[in-house]
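Asks: Please read through the structure below; I'll follow up with questions.
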Amino acid sequence: AKKNKVSILAGSLYEKIQSSKKVYNTSVLIGSDGKVSAKYRKINLFDANVDGKRIRESKHFAAGTKTALANVHGIKVGLSICFDLRYPELYRKYSLEGAEILCVPSAFTMTTGKAHWEMLLRARAIENKCFVLAPNQTGENSQGVLCYGNSMIVDPWGQILARASNNKEEIIYADINKEKVLQVKTILGRK
């Protein structure tokens, strides 16, 4: 990050908890100075039954309790992880605190991804008038679950600016313009 003068969001990392067998599912934002500028511990754990597979994150993970809003080159960025996407109140809180970008590193499954991924990302962008940056794992994860891919960048109007495929790793990018956030807020209102 420091060498290239860029900020890096390290998606899901396992963060050890003192005196517990559980860990946090943590997203870390490293600033262009090479230092950690924000750390978010996933609040909403994925306990579900998908395609006949029982997934219980709460068995191995502890839920976080705090939001994380960071300043990246003059832009306010709200952090979240995967299943948090289904809980709009988290993103509303970020929006009311002035977030302009919402980050959602994820591992949406093929089943949930096909049904909900794009819809939820666009909804969070539109309802909060923010850009949404959503890298999503592709292929089979370490638990043998097939992930959806389709990483996306969505603008505050809900338009998809960039989208990856669902079957290979790739880099996507788009121009993020703070003025677009202000433009949409002027049209639809600030709240």
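In terms of our numbering, the sequence shown opens at residue 3 and continues consecutively. Glycine included, each C-beta is placed from N, C-alpha and C at the ideal position.
#1: From this set, D49, A40 and Y26, which residue's C-alpha is nearest I32's C-alpha?
#2: Cα-Cα, which of W119, K180, A164 and E181 is closest to I173?
#3: What did DSSP end up calling K85 once you bin it into helix, strand or coil?
#4: Output the boundary residues of the beta strand (DSSP E) element that contains K18.
#5: In chain order, what residues of the same chain have a beta carbon less than 6 Å from the beta carbon of Y93, not counting five sequence neighbours either side?
#6: Three or more C-beta pairs under 8 Å: does that hold for the stretch 101 to 115 against the stretch 74 to 81?
#7: Is the stretch 136 to 151 close to the stretch 95 to 102, with three or more CB pairs under 8 Å?
#8: Examine the Cβ distances between the stretch 56 to 70 and the stretch 20 to 39 and report whether three or more of them are shorter than 8 Å.
#9: Taking Cβ to Cβ, would you say A3 is nearer than 8 Å to Y42?
#10: What is the rounded straight-line gap between the Cα of R58 and the Cα of N46?
#11: Can you tell me which of S14, I10, V156 and A72 puts its alpha carbon nearest to the alpha carbon of G36?
#12: May I have the straight-line CA-CA distance separating F133 from K18, to the nearest angstrom?
#13: Give me the Cα-Cα distance between K193 and K95, rounded to the nearest whole angstrom.
Replies: Based on what the coordinates show:
#1: As a working note, residue 32 is residue 30 in the sequence shown. For I32, the nearest C-alpha among the options comes from A40.
#2: The residue you call residue 173 lines up with position 171 of the sequence shown. A check of alpha carbon separations from I173 across W119, K180, A164 and E181 identifies A164 as the nearest.
#3: The sequence position of residue 85 within the sequence shown is 83, counting from 1. Strictly speaking, residue 85 in this sequence is Phe, with Lys absent from that position. If DSSP states are grouped into helix, strand and coil, F85 belongs with the helices.
#4: For the purposes of this step, residue 18 is identified with residue 16 of the sequence shown, where counting begins at 1. I10 to K18 is the extent of the beta strand (DSSP E) around K18.
#5: To locate residue 93, count along the sequence shown from 1; it is residue 91. The beta carbon of Y93 lies closer than 6 Å to those of L104, R126 and N130 in the same chain, with the five residues before and after it left out.
#6: The stretch 101 to 115 is in contact with the stretch 74 to 81.
#7: no
#8: Result yes; three or more Cβ-Cβ pairs closer than 8 Å.
#9: Residue mapping note: residue 3 aligns to position 1 of the sequence shown, counting from 1. Residue mapping note: residue 42 aligns to position 40 of the sequence shown, counting from 1. Contact: no.
#10: As a working mapping, residue 58 is identified with position 56 in the sequence shown. As a working mapping, residue 46 is identified with position 44 in the sequence shown. Approximately 12 Å between the Cα atoms of the pair.
#11: Here the question's residue 36 lines up with position 34 in the sequence shown. It is I10 whose Cα lies nearest to the Cα of G36.
#12: Translated into the one-based positions of the sequence shown, residue 133 becomes position 131. Translated into the one-based positions of the sequence shown, residue 18 becomes position 16. If you take the alpha carbons of F133 and K18, they lie about 31 Å apart.
#13: The sequence position of residue 193 within the sequence shown is 191, counting from 1. The sequence position of residue 95 within the sequence shown is 93, counting from 1. Between K193 and K95, the C-alpha separation is close to 11 Å.
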